[in-house]
Amino acid sequence: MIVDDEQDVESLFNQRFRRDLKNNNFEFQFAFSAEEAWSFVSNLNPLDIVLILSDINMPGKSGLDLLKEVKDRFPQLKVMMVTAYGDQQNYDRAFALGADDFITKPIDFDALREKINALAGKD
Ligand SMILES: [Mg+2]
Numbered sequence: 317m318i319v320d321d322e323q324d325v326e327s328l329f330n331q332r333f334r335r336d337l338k339n340n341n342f343e344f345q346f347a348f349s350a351e352e353a354w355s356f357v358s359n360l361n362p363l364d365i366v367l368i369l370s371d372i373n374m375p376g377k378s379g380l381d382l383l384k385e386v387k388d389r390f391p392q393l394k395v396m397m398v399t400a401y402g403d404q405q406n407y408d409r410a411f412a413l414g415a416d417d418f419i420t421k422p423i424d425f426d427a428l429r430e431k432i433n434a435l436a437g438k439d
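When you line the sequence shown up against our numbering, it's residues 317 to 439, in that order.
This is how it looks when you write it as structure tokens:
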């Protein structure tokens, strides 16, 4: 699941992972706010989700709020935070809240693909 308030993320991810999506390696669920993401996660079997990749700065609840909610209720669910380069404060807070991994913008999609495949149990 990809959580970001920027709508462009959907076309960007669909484009960069076109082959993976076509091969059914995984599929994306997009949410454009922490609230939308949480309503999705809390209504679904969270084991169906391999990974939540969340932006931090969003209007309304932040990615850190979402991280806390997810880890309180579904501690086993993997959450990767997208941080801005050099944003030590958010990095430290996310780490303290139990974030499993971090990726910086601009996103290295090859590195992200490897991480997703590792979590999905594929090579
Ligand atoms: Mg944002």
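Glycine included, each C-beta is placed from N, C-alpha and C at the ideal position.
All values reported here derive from a predicted model rather than from experimental measurement.
Residue burial classification, residue i (beta-carbon count within 10 angstroms, cutoff 16)
i	result
Ser370	buried
Ala427	exposed
Ala347	buried
Ala412	exposed
For residue i, the nearest candidate out of the options (CA to CA)
i	options	result
Asn433	Ser327, Glu326, Phe333 and Asp321	Phe333
Leu435	Pro422, Val357, Asn341 and Leu382	Asn341
Phe390	Asp416, Arg429, Lys431 and Lys338	Asp416
Residues sharing a beta bridge with residue i, DSSP
i	result
Ser370	Val319 and Met397
Lys431	Paired residues: none, contrary to the question.
Ala347	Val319
Lys338	Looking at the DSSP assignment, Lys338 forms no beta bridge with any residue, so it has no partner.
Lys421	Ala400
Same chain only: Cβ atoms within 6 Å of residue i, ignoring 5 sequence neighbours per side
i	result
Ile368	Met317 and Val395
Tyr401	Thr420
Asn406	Ile372 and Thr399
Gly414	Lys387
Arg409	Leu380
Own chain partners of residue i with C-beta closer than 7 Å, once the 5 adjacent residues on each side are dropped
i	result
Ala350	Val319, Met374, Gly376, Lys377, Ser378, Gly379, Asp381 and Leu382
Check: residue i C-beta below 8 Å from any heavy atom of ligand 3
i	result
Glu322	Among the ligands in the structure shown, ligand 3 does not appear; only ligand 1 can be found there.
Same chain only: Cβ atoms within 8 Å of residue i, ignoring 5 sequence neighbours per side
i	result
Phe356	Met317, Gln345 and Ala347
Phe329	Ile318, Phe344 and Phe346
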